[in-house]
Each structure stands twice: as C-alpha cells, then as structure tokens.
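First residue of the sequence shown? That's 84 in the numbering used here, and the numbers climb one at a time after it.
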Amino acid sequence: MRQLTDELIFYKEIFMNSSLYLELSKEELRKLISETLNTDINSAKLLTGGLFNTTYYIDTMKYGSVVLRAGPVNRHLLLPFEHSLMQAEQLVYKLCREAQVPVSEILFMDTSKRIIDCDYMIVRYIPSVPMNEAVLCSDNNSQICRDIGAATAKMHSITHSHFGRIVDVENGKGFSKWSDCLLHELNQWERLSKSTSLFSDAEYIKIRRTFENSIPFLDKIQTPSLVHTDLWKGNVLICFNSDIPEFAAIIDADRAMWGDPDVEFSSINWTHSEPTFWEGYGKALKQDFGSRIRRTIYTLLWSLLDAYVYLQEYNQPENANERKIKALHQIDILSTLLHIK
C-alpha cells in the first residue's frame with residue numbers, strides 16, 4: 084500500500100469541543116478508502132468548520148479528490164432523526180438529481196459500522212467555496228442568488244403524500260397532518276431537553292401552549308414538499324472555474340424533511356434581502372398573517388432544537404443560551420399575535 088505522507092495534516096479548531104467529533108487515525112483512513120473505493124491515498128487533511136461530522140479532504144489514486152464525512156460518536160446524545168442523517172441525504176440527493184437540482188455526488192455510503200464505529204459517506208469533491216466565504220461583486224451575487232432561487236423552487240416542487248423526516252416517511256412513519264409532524268418533533272425534543280436545566284418547567288408549559296394554539300395555522304399546509312431546512316450560505320457552493328463565478332451545488336441535505344417550503348425561509352432568512360433569489364424562485368415570500376405565524380413557529384422549533392444541540396452535542400453553553408433567548412422571543416411574538424395569555 085502506498086505510504087500516506089506527512090501531507091496528512093490535522094487542524095485543531097474549536098469544533099474539538101464537540102462531544103460528537105472524533106478524528107480517524109491514519110490507519111483507519113487508509114483502510115476505509117482501500118476497502119470501499121479500492122484505491123490508495125496520496126494525501127489527506129482534516130477540514131475545519133464541522134461540529135457534527137468529522138470531515139476530510141482526500142486525494143486518491145483512482146478517484147482524484149473526494150470528501151469523506153465520518154458520522155458522530157457518543158450517539159446517545161443525538162436527537163432521534165439524527166441517527167439516520169446519511170441515509171436521508173442519500174435519498175434526498177437521488178430526488179434532487181431527478182429534478183435537476185445540482186447536489187453532491189455520493190461515491191459510497193456505509194452505515195454498517197463494520198470498518199469504523201460510525202456511519203460514513205464519501206462524495207466527489209466539487210472545486211468550489213461555500214457562498215459565505217465567496218467574495219462576489221453585486222452583479223455576480225445577483226445572478227447566483229437567482230440561480231439558487233430556481234434550484235430551491237425545483238427542490239420544493241418535489242412532493243410526497245406524508246409529512247415528516249425523510250427516513251421516517253420512507254419507512255412508513257410519516258404524518259398526514261403538518262401539525263402532528265411538528266408536535267412529534269416537539270415531543271422528541273422535550274424528552275431529551277428535560278434532562279438538562281436549559282428551560283424551566285413553566286417555560287416548557289408555555290412552549291407547548293404556543294404550539295397548540297398554532298395548530299389551525301399549521302394545518303393549512305396540505306402538500307408535503309421537499310425542504311432542505313438548513314439552506315444557509317455555508318451549504319451553497321460557488322465555483323470559480325471561469326471568469327464569472329457560478330452557483331455549483333446545494334450540499335448537506337441530511338436534515339431535509341417533507342414539509343412546508345416556508346421552513347426554508349424562517350430561522351435562516353438571508354434570502355429575504357436578495358430580490359433576485361425570489362425572481363429565480365418564481366414567486367415572492369408570502370406575507371399574509373398565517374404565513375408569518377407559521378414562519379415564527381418554525382423559527383421557535385428550530386431554536387429549541389439548536390439549543391439542545393449546542394448544549395449537549397457541541398458543548399457550547401453560550402450558543403445554547405442564545406438559542407434559548409431566541410426561542411423565548413418567538414413565544415413572545417406569537418403570544419401577542421395569537422392573544423395567548
């Protein structure tokens with residue numbers, strides 16, 4: 084086997100605090116690439132920025148550049164849907180490719196935990212930078228946002244008969260009502276969150292009351308659409324292969340679900356200030372009362388999930404508290420709009 088040289092560089096960053104993160108040894112990397120892709124490694128380096136997965140950029144003899152994502156350890160800390168994220172991502176990419184949405188190309192995925200004690204995925208490397216790191220002039224940014232809007236519309240045009248997390252629905256555990264789906268998410272969060280001291284008993288009661296008062300608005304959503312749920316600029320790739328930068332792909336769709344497209348535009352709202360995104364999307368962001376209620380509920384739920392994740396999975400109590408404050412602020416907004424006492 085070809086010797087793995089000193090080009091295997093491990094970068095130590097703040098994500099090392101994460102309870103889910105664990106570096107692979109050089110020998111584990113060699114064995115994994117050899118057995119799954121039947122090739123050797125020229126060089127590898129640990130990529131920064133991850134808290135959930137441990138990610139490597141690897142130059143291989145046979146396939147060129149690939150990206151390896153190794154799933155989390157300490158899986159007892161995970162939210163229930165997080166146990167099947169890679170299976171979900173594989174299903175989502177298949178649907179997106181059929182709809183001509185540019186996404187990552189998966190070369191191999193393994194959830195058997197035979198070679199290493201975690202799920203892992205190998206995708207073909209896309210020469211690009213995340214949009215949040217790209218320096219774009221106004222004209223280029225406008226065109227790229229237009230293209231992202233068009234791709235997002237194609238994704239949202241993919242529909243299903245049931246609401247829910249991708250793998251749950253695939254396994255026949257979806258919901259016919261959108262409110263039942265979100266209350267299920269709330270129940271799962273509450274069961275884990277109550278083992279922490281992040282929220283008080285009174286706050287849990289207030290959270291549940293807010294959701295229950297929102298049910299009539301949630302059930303106005305009748306069609307489950309494919310929603311990424313984590314479409315921040317870091318999950319949009321921009322390539323610079325020509326003189327003009329171009330939108331390359333949407334990545335990290337492992338947290339996608341069948342739901343309301345407006346989930347995409349709630350807690351992550353950079354698109355609100357990009358007019359050309361909506362030109363590409365084909366319609367404007369809805370501003371009616373019901374839509375605003377629903378987007379606030381989604382922001383509340385995702386803030387609750389994030390608060391737990393930052394506290395228990397990532398060991399970042401300050402970020403967890405920020406998400407708690409954000410969640411309580413959404414409750415105040417909804418209490419005013421819905422006249423909840």
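The beta carbon of each residue, even a glycine, is placed where N, CA and C say it ideally should be.
Option in 289, 417, 370 and 364 with minimal Cα separation from residue 228
364
Looking at chain D, is there any beta carbon in it that lies within less than 8 Å of the beta carbon of residue 161?
Within the model displayed, chain D is absent; a lone protein chain is all it includes.
Keeping to the same chain, check which residues put their C-beta closer than 6 Å to that of residue 404; ignore five residues upstream and five downstream.
none
Answer yes if the stretch 393-410 comes into contact with the stretch 308-322, meaning at least three C-beta pairs across the two stretches below 8 Å, and no otherwise.
no
Buried/exposed call for residue 295, threshold 16 Cβ in 10 Å
exposed
Excluding the five sequence neighbours on either side, which residues of its own chain have a C-beta within less than 7 Å of the C-beta of residue 217, listed in chain order?
321 and 328
Distance, residue 289 Cα to residue 298 Cα:
15 Å
Three CB pairs or more closer than 8 Å across the stretch 269-285 and the stretch 180-193
no
To the nearest angstrom, how far is the alpha carbon of residue 207 from that of residue 302?
40 Å
Residues in its own chain within less than 7 Å of residue 409 by CB, not counting five upstream and five downstream?
386
Can you name, in chain order, every residue of its own chain whose Cβ lies under 7 Å from the Cβ of residue 119, other than the five neighbours on each side?
191, 193 and 205
Own chain partners of residue 417 with C-beta closer than 8 Å, once the 5 adjacent residues on each side are dropped
293, 296, 297, 376, 379, 380, 383 and 423
Compute the beta-carbon to beta-carbon distance between residue 369 and residue 345, rounded to the nearest angstrom, for a pair I have assumed lies under 8 Å.
7 Å
Residues that DSSP places opposite residue 341 in a beta bridge:
247 and 309
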